[in-house]
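Engineer: Under numbering that gives the first Met the number 0, the sequence shown has 72 at position 73, and the numbering climbs by one with no breaks. My structure is below; once you've seen it, I'll send some questions.
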Amino acid sequence: MAAPEKPAAWPGLQAERDGVGYDAKKIANIARELRDAMKPINGSGYGENQGSIHDLQTYGSLKDVRDHLASIRDFQAGETFQATLAKAHQEFLNAYGDVLENFDIAIALVEAGAGTYQATDVANQGG
0 MAAPEKPAAW PGLQAERDGV GYDAKKIANI ARELRDAMKP INGSGYGENQ
50 GSIHDLQTYG SLKDVRDHLA SIRDFQAGET FQATLAKAHQ EFLNAYGDVL
100 ENFDIAIALV EAGAGTYQAT DVANQGG
């Protein structure tokens, strides 16, 4: 099977013609701003913020409700619901953690791109 042909008017193939540009410092600043925006969410250096992973771990478990349900004798539905709440909380924590990890990876890729563009600038300037 032959390789697909590129379209005749593919934007960005000729940077000068298409006006494509970049600024390594701006890209690095974007990554820094993204990291700062994520701090309250991932709990980095901010303690316990509403909506942070720590906040969810501490207050999102409905521990008081689960403990109350567990204390009721001969209430099978309560035991089942208590177990469901615990499982749902753990699954939500896992999903939240995955989102934070993916954001961190995305920001690292932006940072790496800034570094690549900076190295390209240095190489193009002959030094």
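Cβ atoms here follow ideal geometry from the backbone N, Cα and C, with glycine treated the same way. Note that the coordinates shown come from a computational prediction; the quantities given were computed from them, not determined experimentally.
For a quick check, are the C-beta atoms of I29 and L99 less than 9 Å apart?
Structural biologist: Going by C-beta atoms, I29 is not nearer than 9 Å to L99.
Engineer: Looking only at its own chain, which residues have a Cβ that is under 6 Å from the Cβ of Q117, when we skip the five neighbours before and after it?
Structural biologist: Only A23 meet the Cβ criterion.
Engineer: What would DSSP say about S70, mapped onto helix, strand or coil?
Structural biologist: If DSSP states are grouped into helix, strand and coil, S70 belongs with the helices.
Engineer: Cα-Cα, which of A8, P6, Y21 and F91 is closest to A113?
Structural biologist: Checking every option, the nearest Cα to that of A113 belongs to Y21.
Engineer: With a threshold of 8 Å, are at least 3 pairs of Cβ atoms found where one atom belongs to the stretch 95-111 and the other to the stretch 71-79?
Structural biologist: The stretch 95-111 vs the stretch 71-79: no contact.
Engineer: Looking at the unbroken alpha helix (DSSP H) that takes in E32, where does it start and where does it end?
Structural biologist: That run of the alpha helix (DSSP H) goes A23 to N41.
Engineer: Count the other CB atoms within 10 Å of the CB of G42; is the residue buried (16 or more) or exposed (fewer)?
Structural biologist: So G42 ends up on the buried side.
Engineer: Please state the DSSP three-state secondary structure of L61.
Structural biologist: Reduced to three states, the DSSP call for L61 is coil.
Engineer: Between Y95 and L33, which are expected to be in contact by the criterion C-beta below 8 Å, what is the C-beta distance as a whole number of angstroms?
Structural biologist: Their Cβ separation, rounded to whole angstroms, is 18 Å, which puts Y95 and L33 out of contact at 8 Å.
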